[in-house]
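Student: So that we are looking at the same thing, I have put the structure below in structure tokens.
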Amino acid sequence: MALVLACLILLPAARAADGRHYMVSDWTMADGLPHNLVHALAQDRDGFIWAGTWEGVVRFNGRHFTVFDRQNTPGAELSGVFCILAEADGGVLFGTAADGVFRYHHGRWQHLGEPAARRLPVSALLRDTDGGLWIASANRLLRMDVHGRVHDVGADAGLPGVRINALASSGDGALLVAADTGAYRLQGGRALPWAADWAGTNAVRGIAGDGADGWLLATDDGVYWRDAGGKVEHLQAGRRVEAVLRDAVGAIWMSLSSGDLLRHAGDGDERLTITGPVSPALLADREGLIWSGSTDGLHRVAEVAAVGFTRKDGLGSDYVRVVLQSEDRTLWIGHADGLDRWHQQRMHPVRLGDGGGRDPSVLALAWRDGMLWAGTYDKGVFRLDAQGRVQERIRLGSHGEPIVRALLADPDGGLWIGGTHGLSHYRNGQLQLRLDSRGQPTAVVHALYRDGDGTLWIGTTGGMAALGPDGTLRTWNAEDDIPAQYVFDFLRDPGGDLWIASDRGLLRMREGGFRVYDHRHGLPRDKLFRIIDDQAGNLWLPSNIGVFRIARKELDQIDAGTRRQLAVHVIDHSDGMPGSQGNGASMPAGWRASNGALAFPTSAGLGLIDPRIAGRYDGKAPPVVFESVSVDGVQQTLADRLRLEPGARRLAVDYTALSFRAPDKIRYRYRLHGFDGDWVEAGAGTEAVYTNLTPGHHRLEVQAMALPLDWSRQAEVGTAVMELDVVPPLWKRTSSRVLAGLALAAAVVLGFWLRTASYRRSQRRLGRVIAARTEELSDKNRALELAGIERDRLLQQLEHQATHDVLTGLPNRRAAELHLRQALERAGDRGEPLCVALIDIDHFKQINDRHGHHSGDRVLREVAELLRLQLDGDQFVSRHGGEEFLAVLRGVTLEQALERLQALRLALARQRMDEIAPGLVVTASIGVAECGPGQESPRTLLAAADRQLYRAKREGRNRVCGL
């Protein structure tokens, strides 16, 4: 936060070495955690934050926790969760203190492994590319294969029998192991010491990549950081570090065993104020936020655009009323207990009284020619020199002092004083009352502003007034002449418009008329206390719920009719402000410092904003997910498509946007297409409820956006969709109506049949005679038909044999070439994607050599059957030759094909073939290519897939490669 730092109004303790400022938010058992000690953290594919504690795990959406423990999750012993691993398919793995590993996926829990594996203590987890699961269990390194069997790999590889603390993937297929005797690299079944040449052999607590091909080691002797160029940096030497990571802006975060959370950036370290000693739980999420666990709960660390001065920083009171910066860059702060002066990085109290009692509340400040004027609640006005020494006191009443709320110093040495008494002018020891509130109760003055032409604008509790240079006073009465009651501030535009902050919104006075911008145009609150131009095209307006930033051009667009709503950015407590409630009816209720930093009084301290940082994280679409669905109060399994049976009356869908930076600033809308005529604006609500839905197909779409709100900016809008099928009652279904029609027709036919019974008897006698005469001809015709059927069967059998593989029953290469040509033509006509995959059984010759060709044939049939199950339902599969198969995937993109073929590869690797040969495991290498430029003919597309197949074999087999 360089701008605020340059203003010399930021405390040294709040300053990071790279000029950034961070705010810590905390959650404890009082907020829904099952236990305050957080051991582990992870973020899953959807974006939820998971935390492991002594009493179960929680899933966090930014607003509330969903707890999973042995009380509400039967069969899941989740007491003492020490590690969490989020998987690419959306599943989450949990390592426990004594009950092995549990997996959560699509709302279902699974206890992994064979019985012995379900009693293991687990401290670290890592999934490898082959589907195996690495498990750190005390002083053993284990690997659970895809069948749930556990193997003690560490002992066989030569790892020492010491505690294993963390696991990481090297990126080249090797496993990195953090142990009490240093770090090790395991590859090819052999473990060798790693990093000893640059990090020594200290106990390693954690391993993390730095995001730039370098490595970070958290050790008992601090953090060792080796970048991609080989440069080594040693941080926090001599201190035990439990966890380390490097964030998106290049800062190093460290959890120390001493209980500190440190941030290293540039040449310095910053200690973050975390309640309770921190644990090894440390996470950087996708928004760049840092999450930490401690003995006192869960903590989120976020960079913020604002900081605050409070009593902890030396302020005399947190209830700040006014702020002003003098020419020497001293910051003067008036508050409920008097006046303070921030000068040369120190806070100095300024005494207004001459005794030992409490100083009066300061509600107004003005500066002119090296003198400060301070208006008070009940002691009149004080004049002070630049060092804060009282030079003069002005008394305004003989029977008690009025409340002074506004001051304005003129170049000629005069001083305008506004307050509950009205308006007075003071000069050369003479006080003159110019506007008396005794006869006009609505003439209490809140604001004073000198225009360029010399006009003095006066904001009051009953409208406003203007005192011209010639002494002429003009008034605008509330409601009748001006669309506001209270006027708090003025600002003249170079173009001539006068901006007015009021209790009814922002007003623009132009050519004697007023334009109002209020909640109808997107303002979160109408009452505004101050108007500050940041000289960058924005107006800043403090309110009781934060400070609003509005782009001037959007106000012009509202006037021109090209825009309906303002995109209002709100800076509040979640952005680092000491409080969201601004203080008004005092002057000045905000100040733009000489370098552009903005200061605003609040009820909880003085807020300081860097306008260049505000909005830095705007513009990102928050991911939206469905959290729960209930029908008539009964929870349903979450799915992309929901079926509502007849009689369902009430559908309730809970949704959320997984944005953790400022979840309170997320706004929602939803629409049930096929039912709602337009979007339902939900505000901050996260539930959609429908009753008595009409039968048919519907689509529920939920959208979310972070403030400032402007739904037209669809790139910043997150969306989730759920398909709904509402089944009609039996009597409303088309099939039922058809059956009813058929029954009616049958009744009519039956009546007709009964009426014509005698006619039918005659017809039957005649029919018997005709039948006798034609029976001979029928016998001959049947003989001819049977001969034709036999001929057709033989032809079909010959055609099938010509186009199908005898061993596997799959189409052969000839049929595949014809199908591929037709599929390419159809894809080109329809503009649909199409992919071709070549699937080759790994080491098939070895299977034939070791187990015989009969076993090899059985393997080919097993693989063909698996291909039918996995792909043949809606795609084409054939035997291409030898141990090679071809799949034509219609309507599937390359990304979708890779995902589907990856699942096929894993299914084959997991399939038991003990009936063919004990312990036989069959894998396949798969090359896939997508139809596109240069790959639009059968020859070029197959050649591309063949190249990818060769690549898969070259890279080690048992993998899917695509282009």
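Going by the working numbering, the residue at position 731 of the sequence shown is 828; the numbering climbs one at a time, nothing skipped. The C-beta atom is built at its ideal place from N, Cα and C for all residues, glycine as well. Keep in mind it's a predicted model, so treat the numbers as computed, not measured.
DSSP on residue 808, reduced to helix/strand/coil?
Tutor: In the structure shown, residue 808 sits in coil (DSSP, three-state: anything other than H, G, I, E or B).
Student: Using the C-alpha atoms, what's the distance from residue 627 back to residue 598?
Tutor: If you take the alpha carbons of residue 598 and residue 627, they lie about 6 Å apart.
Student: Smallest Cα separation from residue 961: which of 791, 903 and 343?
Tutor: Comparing Cα positions, the closest option is 903.
Student: Going straight from the alpha carbon of residue 987 to that of residue 226, what length do you get?
Tutor: Near 27 Å, if we compare the C-alpha coordinates of residue 226 and residue 987.
Student: Taking the straight line between their C-alpha atoms, what separation do you get for residue 890 and residue 883?
Tutor: If I take the Cα positions, the gap works out to 11 Å.
Student: Identify whether residue 219 lies in helix, strand or coil by the three-state DSSP scheme.
Tutor: Correct three-state label for residue 219: coil.
Student: Please name the residue, chosen from 948, 1000, 1049 and 357, that lies closest to residue 1016 on a Cα-to-Cα basis.
Tutor: For the residues 948, 1000, 1049 and 357, the minimum Cα distance to residue 1016 belongs to 948.
Student: Ignore the nearest five residues each way along the sequence and tell me which others in residue 295's own chain have a CB closer than 7 Å to its CB.
Tutor: Result list for residue 295: 321, 323 and 329, in chain order.
Student: Return the residue from the list 705, 279 and 758 that minimises the CA-CA distance to residue 257.
Tutor: Checking every option, the nearest Cα to that of residue 257 belongs to 279.
Student: Thinking C-beta only, is residue 936 closer than 8 Å to residue 1100?
Tutor: Nothing in the structure corresponds to residue 1100, since the chain is present only between 98 and 1060.
Student: Would the segment 403-421 count as touching the segment 697-716 if we require 3 or more Cβ pairs under 8 Å?
Tutor: These segments touch.
Student: Which class does residue 656 belong to by DSSP, given the choice of helix, strand or coil?
Tutor: Note: residue 656 maps to helix in three-state DSSP.
Student: Is any non-hydrogen atom of the ligand ATP found closer than 7 Å to the C-beta of residue 1008, if you look at the structure I gave you?
Tutor: Inclusion of the ligand ATP in the displayed structure is not the case, the ligand content being empty and no account of it being possible.
Student: Determine whether the beta carbon atoms of residue 384 and residue 117 lie at a separation below 8 Å.
Tutor: No, the Cβ-Cβ distance between residue 384 and residue 117 is not below 8 Å.
Student: Taking the C-alpha atoms as reference points, what is the distance between residue 1022 and residue 957?
Tutor: Cα-Cα distance, rounded: 14 Å.
Student: What are the boundary residues of the alpha helix (DSSP H) that includes residue 1035?
Tutor: Looking at the DSSP string, the run of the alpha helix (DSSP H) that includes residue 1035 is 1035-1051.
Student: So what's residue 770 in DSSP terms, helix, strand or just coil?
Tutor: In this structure, residue 770 counts as strand in the three-state DSSP scheme.
Student: For residue 668 and residue 689, which I take to be in contact (beta-carbon distance under 8 Å), what is that distance rounded to the nearest angstrom?
Tutor: About 14 Å; that fails the 8 Å criterion.
Student: Assuming residue 912 and residue 975 form a contact by the criterion Cβ under 8 Å, report the distance between their Cβ atoms to the nearest whole angstrom.
Tutor: Yes, residue 912 and residue 975 are in contact; Cβ-Cβ is about 6 Å, under 8 Å.
Student: Quick check on residue 900: does DSSP put it in helix, strand or coil?
Tutor: Helix.
Student: State the Cα-Cα distance for the pair residue 370 and residue 397, rounded to the nearest angstrom.
Tutor: The straight-line gap from Cα to Cα measures roughly 11 Å.
Student: Based on the DSSP output, what are the partners of residue 1058 in its beta bridges?
Tutor: In DSSP, residue 1058 forms a bridge with 1024.
Student: Going by C-alpha to C-alpha distance, which of 722, 561 and 580 sits closest to residue 572?
Tutor: Considering only alpha carbons, the answer is 561.
Student: Helix, strand or coil for residue 521? Go by DSSP, reduced to three states.
Tutor: Residue state, collapsed to three classes: strand.
Student: DSSP three-state label for residue 784, please.
Tutor: Three-state DSSP puts residue 784 in a strand.
Student: Using DSSP bridges, identify the partner residues of residue 342.
Tutor: DSSP output for residue 342 lists 350 as bridge partner(s).
Student: Can you look up residue 112 in the DSSP assignment and give me helix, strand or coil?
Tutor: With a pLDDT of 43 at residue 112, under the threshold of 50, the modelled position of that residue is not reliable, and the figure given next carries that caveat. In the structure shown, residue 112 sits in coil (DSSP, three-state: anything other than H, G, I, E or B).
Student: Alpha carbons only, please: which of 309, 1013 and 355 is nearest the one belonging to residue 342?
Tutor: When each option's Cα is compared against that of residue 342, the closest is 309.
Student: What distance in whole Å lies between the Cβ atoms of residue 428 and residue 417, which are believed to be in contact at a cut-off of 8 Å?
Tutor: Contact doesn't hold; Cβ gap of about 11 Å is too wide.
Student: In the DSSP assignment, what are the bridge partners of residue 489?
Tutor: 480.
Student: If I follow the unbroken beta strand (DSSP E) through residue 388, where does it start and stop?
Tutor: Unbroken beta strand (DSSP E) run through residue 388: 387-391.
Student: Would residue 137 pass as a contact of residue 378 if the rule is Cβ separation under 8 Å?
Tutor: The answer is yes: Cβ separation under 8 Å.
Student: Cutting at 6 Å between CB atoms, please list the residues of its own chain near residue 345, excluding the five before and the five after it.
Tutor: For residue 345, where only same-chain residues beyond five positions count, the Cβ hits under 6 Å are 385.
Student: Does residue 846 have its Cβ less than 8 Å from a Cβ in chain C?
Tutor: In the structure shown, chain C cannot be found, because there is only a single protein chain.
Student: Considering only residues of the same chain and omitting the five flanking positions on each side of residue 413, which have a CB-CB separation below 7 Å?
Tutor: Counting only Cβ-Cβ distances below 7 Å, and skipping sequence neighbours, we find 432, 434, 435, 437 and 446.
Student: Within 10 angstroms of its Cβ, does residue 908 collect 16 or more other Cβ (buried), or is it exposed?
Tutor: So residue 908 ends up on the buried side.
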